[in-house]
Each structure stands twice: as C-alpha cells, then as structure tokens.
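Here the structure is laid out as structure tokens; the discussion comes afterwards.
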Amino acid sequence: MKSNKKILFLARLFIPHIGGVEKQVFELSKRLVKRGYKVKVITEKYDSSLKNKEIVDGVEIVRFNKLPVKYFGLLSIWIWFLFHLKYLRNADLVHAHSVYVWYWPFKFLFPRKPNFVTFHGWEGIYPIPFKNKIIRKIDTLLSNKNITISDYVEKHYGIKADVLMYTSVNVNTNTANGLVKSKNSLLYVGRLDEDTGLRKILKCLSFLKKTKIHVEFCGDGPLKKDCMKYGKVRGFVDPTEYYKKSFICLSPGHTSILEAFTYKCLIVTTYNNPVKKDYLLMTPFRRWIVVRNSPKKLAEEIKYFLKHPGKAKALTVPAYEWVKTQNWDEGVKTYIKLWEIEK
Numbered sequence: 001m002k003s004n005k006k007i008l009f010l011a012r013l014f015i016p017h018i019g020g021v022e023k024q025v026f027e028l029s030k031r032l033v034k035r036g037y038k039v040k041v042i043t044e045k046y047d048s049s050l051k052n053k054e055i056v057d058g059v060e061i062v063r064f065n066k067l068p069v070k071y072f073g074l075l076s077i078w079i080w081f082l083f084h085l086k087y088l089r090n091a092d093l094v095h096a097h098s099v100y101v102w103y104w105p106f107k108f109l110f111p112r113k114p115n116f117v118t119f120h121g122w123e124g125i126y127p128i129p130f131k132n133k134i135i136r137k138i139d140t141l142l143s144n145k146n147i148t149i150s151d152y153v154e155k156h157y158g159i160k161a162d163v164l165m166y167t168s169v170n171v172n173t174n175t176a177n178g179l180v181k182s183k184n185s186l187l188y189v190g191r192l193d194e195d196t197g198l199r200k201i202l203k204c205l206s207f208l209k210k211t212k213i214h215v216e217f218c219g220d221g222p223l224k225k226d227c228m229k230y231g232k233v234r235g236f237v238d239p240t241e242y243y244k245k246s247f248i249c250l251s252p253g254h255t256s257i258l259e260a261f262t263y264k265c266l267i268v269t270t271y272n273n274p275v276k277k278d279y280l281l282m283t284p285f286r287r288w289i290v291v292r293n294s295p296k297k298l299a300e301e302i303k304y305f306l307k308h309p310g311k312a313k314a315l316t317v318p319a320y321e322w323v324k325t326q327n328w329d330e331g332v333k334t335y336i337k338l339w340e341i342e343k
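The sequence shown begins at 1 in the UniProt record's numbering and counts up by one.
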C-alpha cells in the first residue's frame, strides 16, 4: 500500500458543521488517515470563530472565506485557489464532494492530476433547476470518475455513475442486540425545514393527537416552533441515545435512515415531490421502509404498528442485516478502488 499518498478533499461544509455529507467526509478521512494516507480538506469558513487551519483526528482542515454574493461567490473561490495553488499542486489526487465546480479551471491547469467527484444528493430545490443539471453534466465530463449516492441522481440529473453507493454508517452489533424500545416513542433526526418533507410529517402528527405517543426531534431549523407543538426539540445533538429507545423513526434522509436501521428502528416517512419519492424508493432498502404520500395514511401506518409492534420485525430485522454491509470499512474500500491507488 502506498501510504504516502496525499489526498485533497473539497467540501462546501465540514465539521463542526452538522450534516450527512460533513459526517461522510470526516469518517472517510479519519479511516484513510489510519491507513497511512495524508488527508487535507478544503472547505468554506461558515463561522468567523473557526480557525483557518487546524488538525482534527489527523485530518488537516483548511478554511477560506467566500464572498456571500451570487456568482461572485464562486469567482472568489477560484481566486482563493489561484493564490493557494500549492494545495492542488501538492496533492496526489483531488476529490470533490458535490462541489467539483470549484475545480473546473484547475482541471486544465493540472490536466494529468487524478480528480474525482462524489454526487451526494440534490440541492433540495424542486423542480431541479436546469442550471444544476448542466453543472453536474460538466462535472461528469471533466472528472476522471464519479461516485453517485443512490440511483435517483442518475435519473433526475441525466448523468452516468461510475460507482453507485449508499451512505456508510457505524454498526455496533453489541448495542443493537441489547436494545429496549419504548413502543410509543417516535423520533425525527435532521434539519427542521420545508424541503425535507417535515411539514407533511407534522400534519401526520396532528392526526395522532389522541394517540399516546412521545415525539422527539434531533435537529433545528425554521420549523422548530411548529415541531414544539408535537414533541420535544433537542437541537443538533448526537442522536444515538434517541435511536436506541425509539420504536419508529420518521426521518426521510438517507443518513438518518441507515443510522436508524443500525438500532432496529422502524422507518415510517413521506416525501413532498417526485425527486424525494425516488430518493426514498429507488434504493435497495425500499423493501424495509414504510413510505406514504398522504399524512393521513402515514398516521394510519403509525397507529397500526403501535398496535401491532411485533409486525415491525419483518422490516427491521432484514434492514439491520443489510445495513451491516454498509459499514465505513467498505466505504473506504470503494473510494480506494475508484482511485486505483492500491494494488
């Protein structure tokens, strides 16, 4: 193994910011460092209190200030890279996480440098703007190879994936085998925002006002006050302890769904547009989740499983067995195979 390889990741947001992509990049980076690689992550400085440079768990983080002006923001990023070409020059390979557009001009400046992109999802805008589709097509054309997270991206962006994969998670078999669930406990993990489909989930909860349930939200966002009408909002906290005790998880995001699988939670959720529908149903785990478009039907499904909790095992057991194959070690192997840097 060539453990002296220098890997440069580009990501719009990174730790300590909380999100699915941020977690994926950090967990991947930590494991690459353990294998002997030198990993650097260049990201936006979203908070002025953050350091411009720091090392966390062996991962070097470099942050820059982006101009908060449309179009000029991207130009400011390109200019920043021009003044910091050493980061690109010194890297053995560059891998962008959904922000390959940052690398566009430098593809021609370093034509022989291996460069890759991971398409982590969509921008949360429906219908998908034509501009966004064109950008992804250009990303696919310019990059050496790409990883696409889930099949729906190919369908809705008209691109061809070199590698299809899904979110990786930590699977603790010892913890999963000793779980004690509260059968009336419901959990939502993620941003409390309109584009997630949360509004329909809240409508569903309004149909359950006379049902004995305990709802908790691990997240924050514009719909926080609305969520507080139906349960406790914990903010962006580590959801592990909440997964452990919750019977049903309402989250529609891939990361939270797979994390919930590892704690044998039943997924009952919804979507608010055709892209989000395919996001949930064009997956290998579609057989083990309950997805309904109507808030009323969603509420009926929740009532059914609360009344017949034993029926959930037909979904949670195979989901748990499958998610064990989506661990971080396998995720790292996928990236290394894509890069072709280990023989």
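Where is the CB? At the ideal position from N, CA and C, for every residue including glycine.
**Prompt:** How many Å lie between P271 and R199 at the Cα?
**Reply:** Note on identity: in this sequence residue 271 is Tyr, with Pro being the wrong assignment. So the alpha carbons of these two residues sit roughly 10 Å apart.
**Asked** Are the beta-carbon atoms of Y263 and G219 separated by less than 8 Å?
**Response** no
**Request:** Work out the CA separation of F285 and K324 for me, nearest whole Å.
**Result:** 12 Å
**Request:** Pull up the DSSP beta-bridge partners for T269, would you.
**Result:** V291
**Asked** Taking just the CA atoms, how far does K297 sit from I248?
**Response** 15 Å
**Request:** Can you tell me which of K229, T283, Y87, R136 puts its alpha carbon nearest to the alpha carbon of I257?
**Result:** T283
**Contact belief for F217 with P295 at Cβ below 8 Å, rounded distance in angstroms** = With a Cβ gap of about 17 Å, F217 and P295 do not count as contacting.
**Asked** Which class does L280 belong to by DSSP, given the choice of helix, strand or coil?
**Response** helix
**Prompt:** Considering F247, what are the terminal residues of the beta strand (DSSP E) in which it resides?
**Reply:** 246-249
**Item:** Nearest neighbour of V237, chosen from F9, R31, P16 [CA to CA]
**Value:** P16
**Message:** Taking 8 Å as the cut-off, does the stretch 90-98 touch the stretch 59-77 (at least 3 CB pairs, one atom from each stretch)?
**Reply:** no
**Prompt:** Can you pull the DSSP bridge partners for H84?
**Reply:** Answer by DSSP bridge pairing: none, since H84 is not bridged.
**Request:** State yes or no: is the C-beta of S150 within less than 8 Å of the C-beta of Y100?
**Result:** no
**Asked** Is Y166 buried or exposed, if buried means 16 or more other CB atoms sit within 10 Å of its CB?
**Response** buried
**Asked** Measuring CA to CA, which of E194, K53, R12, Y103 is closest to D226?
**Response** Of E194, K53, R12, Y103, the smallest CA-CA separation from D226 is found for E194.
**Item:** Sub-8 Å separation of F116 and W328 beta-carbons
**Value:** no
**Request:** Run the CB neighbour count on N146, radius 10 Å, all protein chains shown included, and call it buried at 16 or more, exposed below.
**Result:** buried
**Prompt:** Does DSSP classify Y335 as helix, strand or coil?
**Reply:** helix
**Prompt:** Are residue 347 and G197 touching if we call contact CB-CB under 8 Å?
**Reply:** There is simply no residue 347 to check, as the chain begins at 1 and stops at 343 in what is shown.
**Message:** Measuring alpha carbon to alpha carbon, tell me which residue in D47, K53, G58, V56 is nearest K66.
**Reply:** D47
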